[in-house]
Structure formats: structure tokens, C-alpha cells
Amino acid sequence: MLRAALRQALILLAIALLPAMVSGAIQLKWHHEEPLAPDEVRAATAAEWGTDVIFVDARPKTRFDAGHIDGAILLNNEDWETLSPKFLDVWDPDKKTVVYCDGGSCDASREVAERLKREFQIKNVYVLKGGWPAWQSR
Amino acid sequence: MLMRTIFAASLLLAFASAGFADLHWDKPIQEFKCTPDDKHAEAHYTFKNTGTTAVTIKSVKTSCGCTTAHLDKKVYQPGETGEVVATYSFHGATGSLRKLVTVESDDHPSEPTILDLRVFVHEPFELKPALVYWRTGDAAEAKSVQLLANGYAVKIKNVSSSNPRISATLQTLKPGEEYLVSVKPTDTTQKEAAEISVLTDFPPESPRVYTIHARIK
């Protein structure tokens with residue numbers, strides 16, 4: 001009698017465990033995000049900022065031409081002298097500036113963001129976490 | 139029982155006699171000190187296959203379009219040496235810069251080797267800041283840009299504005315070392331833009347021109 005009850009309890013536990021594990025895995029996947037550096041912003045947050053943001057594409061022109069965030073300005077280290085005046089024409093001191101590149105190990109966005117802060121002393125400059133791929137898949 | 143023991147021992151022997159592959163990198167972290175006129179830094183990452191079987195390098199990836207990495211061939215026999223040549227073009231960027239090259243090989247497929255290229259680009263002349271701006275309706279007051287030479291005697295030969303409605307005046311604080319440029323708009327009633335060119339005498343063979351950007355927003 002006791003053995004039967006124990007077996008039933010184990011079966012019930014096993015049945016309950018399966019959906020719990022699935023749910024746990026999903027939760028873990030959804031909530032496991034890399035922490036942000038102080039000047040980084042996630043794509044979802046940048047999208048919420050709407051028109052209060054100017055996007056800067058720090059990739060080479062060929063990559064920019066292949067696809068970019070709507071309204072983004074091309075500004076990279078390679079053509080800084082010619083591109084920076086165009087960026088400054090569009091730049092607005094009352095808006096946030098979000099710089100992006102190809103995500104992953106790409107660090108062009110960080111370099112351009114640092115340069116904007118150091119050379120032009122522009123405030124509210126952010127680096128888009130995950131770059132262009134993160135923006136596309138948001 | 140005896141058969142099982144023989145089988146296990148055979149397996150153990152098979153694994154023990156199997157070859158292994160291992161790439162040993164001499165200096166995976168390399169540092170360079172440059173000036174903006176150097177334009178690029180080149181690092182040679184040498185390696186040796188210290189294992190007993192051939193190693194295949196599957197990929198060499200750089201962290202940006204400004205860095206290239208070259209490898210002569212993909213397969214390296216035991217005892218053979220090779221090198222990855224990484225070239226980073228810093229395109230006027232200054233300060234501490236860092237580029238990574240990721241090398242994937244079949245000796246440690248799950249743990250790619252990261253080659254680290256660190257460059258410090260010394261800027262011989264600094265503009266603090268390189269941008270001055272006013273909002274429309276602001277008082278049309280002059281804004282100052284400090285020009286500082288770092289370690290070299292730099293003279294300013296000329297300062298000129300691309301927009302007659304935004305003027306620039308040069309003041310020498312310490313000849314060869316420190317200058318001040320005052321930028322002043324005629325008024326701030328409308329949006330304006332000016333690029334102010336600062337012509338220096340440095341380096342003598344190819345004097346550089348620096349730009350102060352002025353905007354009325």
C-alpha cells in the first residue's frame with residue numbers, strides 16, 4: 001500500500017517536473033542577458049526613445065549601403081574628416097546619440113562613441129548593444 | 139570479465155598512443171606606440187605546432203574592417219612555425235586603441251585563440267574641444283578652443299573660417315606650445331555651420347591642418 005502511494009507520488013512529481021523544466025529553460029533564455037556597460041543601450045530601449053535619438057552607423061560605407069537603421073548617419077574612423085561635418089550638421093544637442101556597428105566582436109561603435117565624446121565633448125552618447133543585428137532582431 | 143578488461147586496456151592504449159595537436163603562440167598580446175602619421179600598426183604573431191599531428195587553422199577573423207589579418211597557409215605540420223600578420227589602420231584615431239584577431243584551429247576547436255593588438259597613438263597637437271556650438275537665439279558670445287602641443291614645438295601658420303558669419307581669432311599663449319582660438323558668430327538668429335581650418339607647421343615635411351567645427355543649432 002505504502003509502496004503504491006510512493007510510486008504514484010513519484011509519477012506525479014515526474015509529470016510536474018517536465019513542464020517546470022521547460023518553463024525554467026524558457027525563462028532562463030529570456031532573462032539571461034549580458035549586463036550593459038554604463039554607456040551601452042539595448043535595441044529595445046533605443047527604439048523606445050523614438051525621435052529623441054540620432055543613430056550613427058560606424059561601419060564602412062559598403063556595409064552602411066547594404067542596410068542601416070532608418071535615418072542613421074554614416075560616421076566611421078576611416079572617413080572621419082569628411083563625414084564628421086555631415087554628422088555635426090544633423091547632430092542635435094538635445095538628442096541622444098546612439099552609435100552602432102556589426103555587433104559581436106565589432107568595436108568600431110565604441111571607438112566612434114569615444115571619439116565623439118573626447119574630440120567634440122558631446123554628451124549623451126551611447127553604444128548600441130549587439131549593433132545592427134540586435135536592432136534587426138529586436 | 140577477462141575480455142572486458144582486455145577491451146578497456148586496448149581502448150586506453152589506443153587513446154594513449156593517439157597524436158595530439160597544439161599551437162603555441164609566442165606573443166599573443168602586442169603593444170605599439172605610434173603617431174597619427176604612422177597611419178597603421180603591423181603585428182606579427184608567430185606560432186609553432188608543438189604537437190605530434192598536423193593543425194589546421196580554420197579561420198582568422200578581425201574585430202573590424204579597419205584591421206586585416208593575413209595567414210600564409212592553413213595546415214601546419216608538427217614542429218612547423220607560421221605567423222599571422224595583423225595590420226590595423228587607425229585613420230586619425232588617437233589615444234589607447236585595441237583590436238582583436240580571433241583564430242580558430244582544430245587543435246582547440248571550442249577555444250579560439252585571441253590575438254590582442256594594442257596601439258597607443260600619440261596626438262602631437264590637440265584641440266579642446268574641436269566643436270563649439272550655440273543654439274539659435276543664444277547670445278552671440280565668443281567661444282574658446284584651446285590648442286595644445288604635446289611633446290613637439292608646433293607653430294600655427296594660419297586660421298581661417300569657411301563661413302564669413304562665424305569668425306575665428308588666434309591668440310598665442312606660449313609660442314610653439316599653447317594657443318587659443320576665439321570663435322564668434324555675427325548673430326545666432328539662424329542655423330549656421332563653419333569649418334575653421336588651423337594650419338600648423340608640423341610635421342615639417344607634411345604640415346597638418348586641424349579643423350574646429352562651429353555650429354548654430
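Protein chains in written order, with our numbering: chain D, 1 to 138; chain W, 139 to 355.
For each residue, glycine too, the CB sits at the ideal point set by N, CA and C.
Since we're looking at a predicted model, the values are computed, not measured.
* Using a C-beta to C-beta distance shorter than 8 angstroms, which residues of chain W count as neighbours of asparagine 77 (chain D)? -> Against the first sequence, residue 77 (chain D) aligns to sequence position 77. Within chain W, the residues near asparagine 77 (chain D) are Cys204, Phe228, His229, Gly230, Ala231.
* What are the residues that DSSP puts in a beta bridge with glutamate 119 (chain D)? -> One-based indexing of the first sequence puts residue 119 (chain D) at position 119. Beta-bridge pairing by DSSP links glutamate 119 (chain D) to no other residue.
* Could you pull out every residue in the same chain whose Cβ sits closer than 7 angstroms to the Cβ of phenylalanine 340 (chain W), ignoring the five residues on either side in sequence? => Sequence index remark: in the second sequence, residue 340 (chain W) carries index 202 (1-based). In its chain, beyond the 5 residues on either side, Pro262, Phe263, Tyr290, Val292, Arg346 have a beta carbon closer than 7 angstroms to the beta carbon of phenylalanine 340 (chain W).
* Return the residue from the list W:His208, W:Ser197, W:Asp210, W:Asn187 that minimises the CA-CA distance to proline 216 (chain W). => Numbered from its first residue, the second sequence carries residue 216 (chain W) at position 78. Restricting attention to W:His208, W:Ser197, W:Asp210, W:Asn187, the CA atom closest to the CA of proline 216 (chain W) is found in W:Asn187.
* Within the 8 angstroms Cβ cut-off, does phenylalanine 120 (chain D) reach chain W? -> As a working mapping, residue 120 (chain D) is identified with position 120 in the first sequence. Yes - at least one Cβ of chain W is within 8 angstroms of the one on phenylalanine 120 (chain D).
* Chain-ordered chain D contacts of alanine 306 (chain W) [CB-CB under 7 angstroms] -> Here the question's residue 306 (chain W) lines up with position 168 in the second sequence. Going along chain D, no residue has its Cβ under 7 angstroms from alanine 306 (chain W), so there is no contact; the nearest lies around 16 angstroms.
* Asked: For the segment 44 to 109 of chain D, which segments carrying the beta strand (DSSP E) assignment without a break, of at least 3 residues, lie completely within its bounds, in sequence order?
  -> Restricted to the segment 44 to 109 of chain D, the beta strand (DSSP E) segments that are unbroken, complete and at least 3 residues in length are 53 to 57, 96 to 100, listed in chain order.
* When DSSP labels each residue in this structure, what does proline 323 (chain W) get in the three-state scheme? -> As a working note, residue 323 (chain W) is residue 185 in the second sequence. Proline 323 (chain W) falls in the strand class under three-state DSSP.
* In three-state terms, what does DSSP make of aspartate 164 (chain W)? -> If you number the second sequence from 1, residue 164 (chain W) lands on position 26. DSSP places aspartate 164 (chain W) in coil when its eight states are reduced to three.
* **Host alpha helix (DSSP H) of glycine 131 (chain D) (start-end)** => Here the question's residue 131 (chain D) lines up with position 131 in the first sequence. Counted as a single uninterrupted DSSP element, the alpha helix (DSSP H) harbouring glycine 131 (chain D) occupies residues 131 to 136.
* If you pair each beta-carbon of the segment 31 to 49 of chain D with each one of the segment 75 to 83 of chain D, do three or more pairs fall below 8 angstroms? -> No contact exists between the segment 31 to 49 of chain D and the segment 75 to 83 of chain D.
* **Three or more C-beta pairs below 8 angstroms linking the segment 114 to 128 of chain D and the segment 94 to 103 of chain D** => Counting Cβ pairs under 8 angstroms, three or more are found: they touch.
* To do: Please check if any C-beta of chain W sits within less than 8 angstroms of the C-beta of alanine 108 (chain D).
  => Position 108 of the first sequence holds residue 108 (chain D). For alanine 108 (chain D), a Cβ of chain W is located within less than 8 angstroms of the residue's own Cβ.
* To do: Answer yes or no: do serine 227 (chain W) and aspartate 107 (chain D) have a C-beta to C-beta separation smaller than 8 angstroms?
  => Along the second sequence, one-based indexing puts residue 227 (chain W) at 89. Along the first sequence, one-based indexing puts residue 107 (chain D) at 107. For serine 227 (chain W) and aspartate 107 (chain D), no; Cβs fall outside 8 angstroms.
* Using 8 angstroms as the limit for Cβ to Cβ distance, is glutamate 333 (chain W) near chain D? -> Residue numbering aside, residue 333 (chain W) sits at position 195 when the second sequence is read from its first letter. At least one chain D Cβ lies under 8 angstroms of glutamate 333 (chain W).
* Using a beta-carbon distance below 8 angstroms, is histidine 178 (chain W) in contact with chain D? -> By one-based count along the second sequence, residue 178 (chain W) stands at place 40. Interface with chain D (8 angstroms Cβ-Cβ cutoff): histidine 178 (chain W) is excluded.
* **Whole-angstrom distance between valine 239 (chain W) and proline 247 (chain W), CA atom to CA atom** => Counted from its first residue, the second sequence places residue 247 (chain W) at position 109. Counted from its first residue, the second sequence places residue 239 (chain W) at position 101. About 16 angstroms.
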